[in-house]
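Have a look at the structure below, then the notes.
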């Protein structure tokens, strides 16, 4: 879709940002896809920030909360995804504060328990490796995974 009128682009991008939290990266990508020149993109992004349609910290916090609570992602995966979206390191730090350490560990234990009941591997070592690989792929820290596994073994 090509947008040639700046006022139309402004209205459309404001609606795009009002619909859900967006980061600069997503907004710039959308504006480029409309065929706008870099100067117009910079101007519109500046306006969006000025009118609080765009806020990197708010986006990062919302992203971290949602991915942890809904998708059950670990901190590592959340950080990587935020970095992919060119979010500043300071904003990523603030986003990580949104994740309660106790809830984080409980979520890790729940995922481990759920996956343990589904895992068909009988050999203890291979089973542990598969469970660890699964939880690492979800973005959880290896040390916490080991701790959760030790807790699970001691409770069995």
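Residue numbers (our numbering): 7 to 162. Using N, Cα and C, we set each Cβ at its ideal position, and we do this for glycine too.
Check your understanding: Is residue 43 helix, strand or coil when you go by DSSP?
Key -> coil
Check your understanding: Would you report the Cα separation of residue 70 and residue 102, rounded to the nearest angstrom?
Key -> 7 Å
Point to revise | Span of the alpha helix (DSSP H), counted from its first residue to its last, around residue 158 | key: 148 to 161
Review point. If we call anything under 8 Å between Cβ atoms a contact, is residue 78 one with residue 152?
Key: no
Point to revise | Collapsed DSSP secondary structure at residue 59 in the structure displayed | key: coil
Check your understanding: How about residue 86 and residue 46: are their beta carbons less than 8 Å apart?
Key -> no
**Study point:** Rounded separation between residue 23 and residue 52 - CA only
**Key:** 13 Å
Point to revise | the segment 133 to 147 / the segment 109 to 117 touching (three or more Cβ pairs under 8 Å) | key: yes
Point to revise | For residue 29, the first and last residue of its enclosing alpha helix (DSSP H) | key: Looking at the DSSP string, residue 29 is not in any alpha helix (DSSP H), and its letter there is neither H nor E.
Practice item. Between the Cα of residue 98 and those of 14, 106, 65, spot the shortest distance and give me the residue it belongs to. Key: 65
Exercise for review: Specify the secondary structure class of residue 72 as computed by DSSP and reduced to three states.
Suggested key: helix
Check your understanding: Who are the Cβ neighbours of residue 60 in its own chain at under 8 Å, not counting the five residues just before and after it?
Key -> 23, 28, 29, 30, 33, 51, 54
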